[in-house]
Amino acid sequence: MTQEKSKYSDTELAEFKELIQRKLVEANIDYDLLKGSLSHNDDHGTDDTGRTFNMMEDGSETLSREEVAQLAARQEKFIQSLQAALVRIENKTYGVCRVTGKLIQKERLMLVPHATMSIEAKNAQQK
18 MTQEKSKYSD
28 TELAEFKELI
38 QRKLVEANID
48 YDLLKGSLSH
58 NDDHGTDDTG
68 RTFNMMEDGS
78 ETLSREEVAQ
88 LAARQEKFIQ
98 SLQAALVRIE
108 NKTYGVCRVT
118 GKLIQKERLM
128 LVPHATMSIE
138 AKNAQQK
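Each residue of the sequence shown is one higher than the one before, starting from 18 at the first, in our numbering.
Structure, rendered in C-alpha cells:
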C-alpha cells in the first residue's frame, strides 16, 4: 500500500517559488501599467489638448476608467495572493488544500500557483 504524500519536497517548493516569483514580476508590471493609465502619468499632459466638450466621450472615458480601476483592484488582489503563496512556501504548507488537508495536484498549482483549494474542494464549494 502506497502512502499518499502530505506535502511537497524542498525541491518542488523551490520550483513553485521560482514560478510564483516570475508571475509576481509580471503581475507587478501589469499593475504599474494599470495604475499609470489611471493617474494619467503616461499621457504626457496632452490628454485634453484640442478637444471640444463631448458628453458621450466623457461618459465613455469614465466607464473606461472604472473598468481599469476594477482591473487594477483585481491585479492587486492577485499580487497579494501570490505573496501569500510565497509565505506558505516558506512555512512549508504550500500546496495543502485548506478544506481537505490533502495535497493539491501539482498540475493545478502550475496553472494556478496561488490556489489554496483542491479541485474537489473547489467543486464541492460551488454546489
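Glycine included, every Cβ here is placed at the ideal spot set by N, Cα and C.
* Asked: Under 7 Å between the Cβ atoms of L99 and L41?
  -> Position 82 of the sequence shown, counted from the start, is the residue given in the question as residue 99. Position 24 of the sequence shown, counted from the start, is the residue given in the question as residue 41. Remark: C-beta atoms of L99 and L41 approach each other more closely than 7 Å.
* To do: Starting from the C-beta of K34, find all residues in its chain whose C-beta is less than 8 Å away, skip the five residues before and the five after it, and write them out in chain order.
  => Taking the first residue of the sequence shown as 1, we reach residue 34 at position 17. Take K34, set aside five residues on each side of it, and the residues of its chain with a beta-carbon closer than 8 Å to its own are L103 and I106, in chain order.
* Inspect the CB distances between the segment 85 to 97 and the segment 38 to 53 and report whether three or more fall short of 8 Å. => Inter-segment contact for the segment 85 to 97 and the segment 38 to 53 is present: three or more beta-carbon pairs are separated by less than 8 Å.
* Inter-residue Cα distance where the pair is F95 and T117 -> Here residue 95 corresponds to residue number 78 of the sequence shown, with the count starting at 1. Here residue 117 corresponds to residue number 100 of the sequence shown, with the count starting at 1. For F95 and T117, the distance between alpha carbons rounds to 23 Å.
* For the alpha helix (DSSP H) that contains L41, what are its first and last residues? -> Here residue 41 refers to the residue found at position 24 of the sequence shown. For L41, the enclosing alpha helix (DSSP H) begins and ends at D27 to S56.
* Coil, strand or helix - V113 by DSSP -> Counting from one through the sequence shown, the residue named residue 113 turns up at place 96. Residue state, collapsed to three classes: strand.
* Asked: Considering only the beta carbon of each residue, do M134 and C114 sit closer than 7 Å?
  -> If you number the sequence shown from 1, residue 134 lands on position 117. If you number the sequence shown from 1, residue 114 lands on position 97. For M134 and C114, yes; Cβs fall inside 7 Å.
* Out of curiosity, what's the CA-to-CA distance linking R125 and E137? -> In the sequence shown, counting from the first residue as 1, residue 125 sits at position 108. In the sequence shown, counting from the first residue as 1, residue 137 sits at position 120. Near 11 Å, if we compare the C-alpha coordinates of E137 and R125.
* To do: Can you have a look at A132 and say buried or exposed, based on whether 16 or more other CB atoms are within 10 angstroms of its CB?
  => Mapped onto the sequence shown, residue 132 falls at position 115. With 16 or more other Cβ atoms from the protein chains shown falling within 10 Å of its own Cβ, A132 counts as buried.
* Going by DSSP, what residues sit across from L120 in a beta bridge? -> The residue you call residue 120 lines up with position 103 of the sequence shown. Partner(s): V113.
* Compute the Euclidean distance between the alpha carbons of E93 and R82, then round it to the nearest angstrom. => Indexing the sequence shown from 1 puts residue 93 at position 76. Indexing the sequence shown from 1 puts residue 82 at position 65. Rounded to whole angstroms, E93 to R82 spans 16 Å at the Cα level.
* Endpoints, the alpha helix (DSSP H) within which A138 is located -> As a working mapping, residue 138 is identified with position 121 in the sequence shown. A138 -> alpha helix (DSSP H) spans I136 to Q143.
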